[in-house]
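Enquirer: Numbering (our numbering), first residue to last: 15 to 431.
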Ligand code: HGY
Ligand code: MN
Ligand code: MN
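(1) Using a 10 Å radius around the Cβ and a threshold of 16 neighbouring Cβ atoms, would you call residue 284 buried or exposed?
(2) Mind checking residue 290: buried by the 16 CB within 10 Å criterion, or exposed?
(3) Counting beta carbon pairs with one atom in the segment 166-173 and one in the segment 116-128, are three or more of them shorter than 8 Å?
(4) Between 228, 354, 398 and 154, which has its C-alpha nearest residue 336's C-alpha?
(5) In the structure shown, what three-state DSSP assignment does residue 150 receive?
(6) Is the separation between the beta-carbon of residue 322 and that of residue 332 shorter than 8 Å?
(7) State the Cα-Cα distance for the pair residue 430 and residue 349, rounded to the nearest angstrom.
(8) Suppose you measure from the CA of residue 410 to the CA of residue 150; what does that come to, to the nearest Å?
(9) Is the CB-CB distance between residue 127 and residue 85 below 8 Å?
(10) Would you call residue 423 buried or exposed, if buried means 16 or more other Cβ atoms sit within 10 Å of its Cβ?
(11) Tell me the DSSP secondary structure of residue 272 in three-state form.
(12) Relative to the C-alpha of residue 340, which candidate in 310, 390 and 164 has its C-alpha closest?
(13) Alpha carbons only, please: which of 221, 189 and 58 is nearest the one belonging to residue 376?
(14) Does the distance between the C-beta of residue 96 and the nearest non-hydrogen atom of ligand 2 fall short of 7 Å?
(15) Ligand 3: which residues have Cβ under 5 Å from any of its heavy atoms, chain order?
(16) Residue 295 and residue 255 look like a contact to me (Cβ under 8 Å); what is the Cβ gap, rounded to whole Å?
(17) Alpha carbon to alpha carbon, how far is residue 428 from residue 194?
(18) Report buried or exposed for residue 288, applying the criterion of at least 16 other Cβ atoms within 10 angstroms of its Cβ.
(19) I'd like to know if the segment 154-167 and the segment 96-108 are in contact, where contact means that at least 3 CB-CB pairs between them fall below 8 Å.
(20) Residues in the same chain with beta-carbon distance under 7 Å from residue 467, minus the five sequence neighbours each way, listed in chain order, please.
(21) If you draw a straight line from the alpha carbon of residue 426 to that of residue 383, how long is it in whole angstroms?
(22) Is residue 212 buried or exposed, if buried means 16 or more other CB atoms sit within 10 Å of its CB?
(23) Taking DSSP as the reference, what is the three-state secondary structure of residue 223?
(24) State yes or no: is the C-beta of residue 204 nearer than 7 Å to some heavy atom of ligand 2?
(25) On the CB-based measure, 16 or more other CB atoms within 10 Å of its CB, does residue 183 come out buried or exposed?
(26) Restricting to Cα atoms, I'd like to know which of 232, 215 and 260 is closest to residue 18.
(27) Specify, as a first and last residue, the run of the beta strand (DSSP E) that residue 366 falls within.
(28) Just the C-alpha distance for residue 209 and residue 417, rounded to the nearest angstrom, thanks.
(29) Residues in its own chain within less than 7 Å of residue 39 by CB, not counting five upstream and five downstream?
(30) Am I right that residue 8 and residue 15 are in contact with their C-beta atoms under 8 Å? What's the rounded C-beta distance?
(31) Does DSSP classify residue 349 as helix, strand or coil?
(32) Quick one: what's got a C-beta closer than 8 Å to residue 162's C-beta in the same chain, skipping five residues either side?
(33) Taking Cβ positions, are residue 265 and residue 302 nearer each other than 8 Å?
(34) Between the Cα of residue 50 and those of 317, 61 and 67, spot the shortest distance and give me the residue it belongs to.
(35) Excluding the 5 residues flanking residue 403 on each side, which residues of the same chain have their C-beta closer than 6 Å to its C-beta?
(36) Buried or exposed: which applies to residue 46, given that a residue is buried once 16 or more other Cβ atoms fall within 10 Å of its Cβ?
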């Protein structure tokens, strides 16, 4: 195998850079971020690329074109993870691209474009609650207010960037709009069961689902668990529990125009957090997705109305804030056709499918057309879980497809950029 075995071995190496062994937890601007970034930069250099960290801790590898003044094609994915993650989410998109460059370099081949591979430092948003930090800076949507976001220890993003050796004010220079980038194409594990169920190793993404994230805080009244009668309680956790079920109920029904929805309460915290005290303040988060922006916005509004009604009925207070919202990102139809043709040249059926997961690609439309390639996940398609898995054979196929795309696609006139 030219690529697959090496890619999985490299993913195993990166998985060891974790804050919470034996699982994979690698968050932004941590020592583990540095370990993974250094390892990826070394792989890039060994493959024949220049590689360096940018101001925000992304690792950027460049494989120069066969001519000066060539347009730029970008790819990449994220090197950070969720808590207790799998080892291929994000990482596969970085390693498959480096494998392509290594093969080109070995053959002494250059492309008609500068090829940039980016290992983004923060896509998941676990540490500071802000997601897609590196890709948003490159896509022109970085918000400097994020520099004051704090992690659980009270460290601001600005402080963490300085400690990491980054430059909190360097985000402006990362904006790639109008800088000759003509395509962004990302490879990623599917993180779902579609390709697995249909017996296909790869797929071509049609669009990336829109997402919104809410913070909700419910305030009731603490009291003695043994003496406060049930009928007179203002139990913040019981109210929050009813709100969590409302999220599930609303997201389970078809959205506006029948659009599919998903809704998740991933974190919840009850205070004061004693076994014999009625909870007074409960905070939880809601993640709402749909391929349709209108349906997602409508469902979010219906959820917030439900929270208000439940709070009134239970004599507690509720405050909800949408702190993150990203529109659905359609992949560029003509650009998509190029990797699709590469799939067909491998003798495989071309399966086009949407992505329910968010990806760095979704913030690049202001820079250039985007396309994505999916590779099959095993174990029922599970992801964001240690059981996330893929095979070396599928890594081989996906990398061969990506390499074929790189060697056959001719960028539009650079003036279009
Ligand atoms: O949440 C997502 O869809 C991605 O894993 N950040
Ligand atoms: Mn993820
Ligand atoms: Mn991902």
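Think of the CB as a built atom: it goes at the ideal place given N, C-alpha and C, for glycine as much as any other residue.
Expert: Judging by the given coordinates:
(1) Mapped onto the chain shown, residue 284 falls at position 270. That one is buried.
(2) Taking the chain shown and counting its residues from 1, one reaches residue 290 at position 276. By the 10 Å Cβ count, residue 290 comes out exposed.
(3) no
(4) As a position in the chain shown, residue 336 is number 322, starting the count at 1. Among 228, 354, 398 and 154, the Cα nearest to that of residue 336 is on 228.
(5) Working through the chain shown from its first residue, we reach residue 150 at position 136. Three-state DSSP puts residue 150 in a helix.
(6) As a working mapping, residue 322 is identified with position 308 in the chain shown. As a working mapping, residue 332 is identified with position 318 in the chain shown. Yes, they are a contact pair.
(7) In the chain shown, counting from the first residue as 1, residue 430 sits at position 416. In the chain shown, counting from the first residue as 1, residue 349 sits at position 335. Any reading at residue 430 needs caution, since the residue's pLDDT is 46, under 50, leaving its predicted position unreliable; the model's value is listed next. For residue 430 and residue 349, the distance between alpha carbons rounds to 14 Å.
(8) Residue 410 sits at position 396 when you count from the first residue of the chain shown. Residue 150 sits at position 136 when you count from the first residue of the chain shown. Answer to the nearest angstrom: the Cα atoms are 30 Å apart.
(9) Within the chain shown, residue 127 is the residue found at index 113, counting from 1. Within the chain shown, residue 85 is the residue found at index 71, counting from 1. Cβ distance < 8 Å, so residue 127 and residue 85 count as in contact.
(10) By 1-based counting over the chain shown, the position of residue 423 is 409. With 16 or more other Cβ atoms within 10 Å, it is buried.
(11) Within the chain shown, residue 272 is the residue found at index 258, counting from 1. Of the three classes helix, strand and coil, the one that applies to residue 272 here is helix, per DSSP.
(12) Reading the chain shown from its first residue, position 326 is the one you call residue 340. Nearest option by C-alpha distance: 310.
(13) To locate residue 376, count along the chain shown from 1; it is residue 362. When only C-alpha atoms are compared, the closest one is 221.
(14) Taking the first residue of the chain shown as 1, we reach residue 96 at position 82. Yes, ligand 2 has a heavy atom inside 7 Å of this Cβ.
(15) 103 and 104
(16) What you label residue 295 is simply residue 281 of the chain shown in a count that begins at 1. What you label residue 255 is simply residue 241 of the chain shown in a count that begins at 1. The pair is not a contact, with the Cβ atoms about 14 Å apart (cut-off 8 Å).
(17) Stepping through the chain shown from its first residue, residue 428 is reached at position 414. Stepping through the chain shown from its first residue, residue 194 is reached at position 180. Its pLDDT being 47, under 50, residue 428 is placed unreliably by the model, and the measurement read from it follows with that caveat. Looking at the two C-alpha atoms, the distance is approximately 6 Å.
(18) Here residue 288 refers to the residue found at position 274 of the chain shown. Result: exposed.
(19) no
(20) What the structure shows of the chain is the stretch from 15 to 431, and residue 467 is not part of that stretch, so it cannot be assessed.
(21) Taking the chain shown and counting its residues from 1, one reaches residue 426 at position 412. Taking the chain shown and counting its residues from 1, one reaches residue 383 at position 369. Residue 426 and residue 383: Cα-Cα distance of roughly 11 Å.
(22) In the chain shown, the residue the question calls residue 212 occupies position 198. Burial call: exposed.
(23) Within the chain shown, residue 223 is the residue found at index 209, counting from 1. Reduced to three states, the DSSP call for residue 223 is coil.
(24) For the purposes of this step, residue 204 is identified with residue 190 of the chain shown, where counting begins at 1. False, no ligand heavy atom lies under 7 Å from that Cβ.
(25) On the chain shown, residue 183 is found 169 positions in, with the first residue counted as 1. Exposed: under 16 other Cβ atoms inside 10 Å.
(26) In the chain shown, the residue the question calls residue 18 occupies position 4. Cα-wise, what sits closest to residue 18 is 215.
(27) Mapped onto the chain shown, residue 366 falls at position 352. Residue 366 -> beta strand (DSSP E) spans 366-369.
(28) Along the chain shown, read from residue 1 onward, the residue named residue 209 stands at position 195. Along the chain shown, read from residue 1 onward, the residue named residue 417 stands at position 403. Spanning the two alpha carbons is a distance of roughly 21 Å.
(29) Here the question's residue 39 lines up with position 25 in the chain shown. Excluding residues within five positions, the ones whose Cβ falls inside 7 Å are 32, 33, 95, 97, 98 and 99.
(30) Since the first residue shown for the chain is 15 and the last is 431, residue 8 is missing from the structure and cannot be characterised.
(31) Locating residue 349 in the chain shown gives position 335, counting from the first residue. Helix.
(32) For this step, residue 162 is matched to residue 148 along the chain shown. Once the five neighbours on either side are set aside, the close Cβ partners of residue 162 are 170, 171 and 172.
(33) Working through the chain shown from its first residue, we reach residue 265 at position 251. Working through the chain shown from its first residue, we reach residue 302 at position 288. It is a contact, given that the beta carbons lie within the stated cut-off.
(34) In the chain shown, counting from the first residue as 1, residue 50 sits at position 36. Considering only alpha carbons, the answer is 67.
(35) What you label residue 403 is simply residue 389 of the chain shown in a count that begins at 1. So the list reads 392 and 393, once near-sequence residues are dropped.
(36) Counted from its first residue, the chain shown places residue 46 at position 32. Counting Cβ neighbours within 10 Å, residue 46 comes out buried, since at least 16 surround it.
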